[in-house]
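For the sequence shown, position 254 matches number 273 in our numbering, and the numbering has no gaps at all. Positions of the beta carbon are idealized from the N, C-alpha and C atoms, including for glycine. Note that this is a predicted model, so its numbers are computed, not measured.
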Amino acid sequence: MRRKARLALAAFAASALACGPASGIVVRHDAPPALYRAQASEIPALADWPGSGHGVLIAPAWVLTVAHTVAGDRPDSVSIGGRDRAVAEVILHPDFAPPTGPGPDGSIKPIMDASFAMRDIALVRLRNPVTDVAPVAFHEGKVAPGDVVTLFGKGQGGTGLSGALRIHPQRGSLRRARNEISQVLPEWIGITFERGNAALPDEGSIGRGDSGGPLMMAEDGRLELVALASWTYWDGAPEDYRAGAYGLTTYHTRVSAFRDWIAETTGEVAAPS
Numbered sequence: 020m021r022r023k024a025r026l027a028l029a030a031f032a033a034s035a036l037a038c039g040p041a042s043g044i045v046v047r048h049d050a051p052p053a054l055y056r057a058q059a060s061e062i063p064a065l066a067d068w069p070g071s072g073h074g075v076l077i078a079p080a081w082v083l084t085v086a087h088t089v090a091g092d093r094p095d096s097v098s099i100g101g102r103d104r105a106v107a108e109v110i111l112h113p114d115f116a117p118p119t120g121p122g123p124d125g126s127i128k129p130i131m132d133a134s135f136a137m138r139d140i141a142l143v144r145l146r147n148p149v150t151d152v153a154p155v156a157f158h159e160g161k162v163a164p165g166d167v168v169t170l171f172g173k174g175q176g177g178t179g180l181s182g183a184l185r186i187h188p189q190r191g192s193l194r195r196a197r198n199e200i201s202q203v204l205p206e207w208i209g210i211t212f213e214r215g216n217a218a219l220p221d222e223g224s225i226g227r228g229d230s231g232g233p234l235m236m237a238e239d240g241r242l243e244l245v246a247l248a249s250w251t252y253w254d255g256a257p258e259d260y261r262a263g264a265y266g267l268t269t270y271h272t273r274v275s276a277f278r279d280w281i282a283e284t285t286g287e288v289a290a291p292s
């Protein structure tokens, strides 16, 4: 029995980090799929890690992502603009500390508490600067609960009723969804997947394979980077967890919280004035 519980907790810890053929992004069950389809031209700076997960080009030679997508098997290349780009170096945030396990009583609360403190962000230096794709712009303005943001991903997909699909590979076609911000924390943007009249027509959520996907906000006719998809909060039994289900809150690494580190590390992406 204890072994089953440990296996359930291990599976939960892995899947709570939003790391088909399928279509990316978990969507409303009552909305037409066409509403979520996106073109690569909408987010040309999107970076795809081999097999699963994303990042975003923030300077010609730099990709910003969440640390848990590149902390294990460090990638040799990343696809940007439909072309593979060689990776020169992976730099995890010095305070990156992913959650390690449950409490003595098997509770998952320690995993959730640790997730809020994990500093899930990394920089990847490319061997050669990208010259055919423009880097994304950072959002310099304020963000607040109720603001509408757009998320992009190519993960396993699914609906709010089914949750994220459990199929492989974790890479599908590009989709986008719009949501209202639920929480603004110093290092996180929280997004709750609503349903029915409480939801936007194209409401959605991140699922497996969407980690590192950009959360964007419209400003002066363009989309600007606010955060990167990271993990899902869950306070139930590990065996009942369904990534991407209605009512769950996902947390996205807030880029503005790490602008000084980004500027110091890259030497070319300025910190906000």
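Legend entry - Residue environment, P257, which counts as buried when at least 16 other CB atoms sit within 10 Å: buried
Legend entry - Bounding residues of the beta strand (DSSP E) (the contiguous stretch that carries P117): Where P117 is concerned, there is no enclosing beta strand (DSSP E), given that its DSSP letter is neither H nor E.
Legend entry - Extent of the continuous beta strand (DSSP E) to which T211 belongs: W207 to T211
Legend entry - A153 (DSSP reduced to helix, strand or coil): coil
Legend entry - For M235: DSSP bridge partner residues: T169 and L244
Inset, instruction - Would you mind working out which of R273, R227 and I281 sits nearest Y260, comparing C-alpha positions? - result: R227
Inset, instruction - Would you please state the rounded distance, in angstroms, between the beta carbons of T272 and V85? I believe it to be under 8 Å. - result: 6 Å
Inset, instruction - Let me know the secondary structure DSSP gives D229 once reduced to three states. - result: coil
Legend entry - Alpha-carbon spacing of P79 relative to P205, whole angstroms: 28 Å
Inset, instruction - Within the same chain, show all residues whose beta-carbon is closer than 6 Å to that of M137, passing over the 5 residues directly before and after it, in chain order. - result: A116 and P117
Inset, instruction - Round the Cβ separation of L76 and A66 to the nearest angstrom and send it over; I've been treating them as touching at under 8 Å. - result: 6 Å
Inset, instruction - Tell me whether T222 is buried or exposed, calling it buried when 16 or more other Cβ atoms sit within 10 Å of its Cβ. - result: According to the sequence as given, residue 222 is Glu; it is not Thr. By the 10 Å Cβ count, E222 comes out buried.
Inset, instruction - Report yes or no: do three or more beta-carbon pairs, one from the region 91-103 and one from the region 127-136, lie closer than 8 Å? - result: no
Inset, instruction - Figure out for me which residue from G209, E213, S224 and G215 has the closest Cα to the Cα of R195. - result: S224
Inset, instruction - Measure the C-alpha to C-alpha separation of G179 and T211 and round it to an integer number of angstroms. - result: 11 Å
Inset, instruction - Reducing DSSP to helix, strand and coil, say where L83 ends up. - result: strand
Inset, instruction - Would you kindly report the start and end of the unbroken beta strand (DSSP E) that includes R278? - result: Looking at the DSSP string, R278 is not in any beta strand (DSSP E); the run it does join, the alpha helix (DSSP H), is R278 to T285.
Legend entry - Check whether E213 and G165 have beta carbons under 8 Å apart: no
Inset, instruction - Note the first and the last residue of the continuous beta strand (DSSP E) segment covering A64. - result: First-last for A64: undefined, no H or E at that position.
Inset, instruction - Go ahead and pull the three-state DSSP assignment for N198. - result: strand
Legend entry - Chain-order list of residues whose beta-carbon lies under 7 Å from that of V152 (same chain, five-residue window excluded): P63, A64, L76, I99 and G100
Inset, instruction - For my contact list, G72 and S249 are in at a C-beta cut-off of 8 Å; report their separation, rounded to the angstrom. - result: Between S249 and G72 the Cβ distance is about 11 Å, and since that is not below 8 Å, they are no contact.
Inset, instruction - Work out the CA separation of V149 and D239 for me, nearest whole Å. - result: 25 Å
Legend entry - G74 in three-state terms, based on DSSP: strand
Inset, instruction - Would you give the residue range spanned by the beta strand (DSSP E) that S192 belongs to? - result: Taken as a continuous stretch (DSSP letters only), S192 belongs to no beta strand (DSSP E), as it is neither H nor E.
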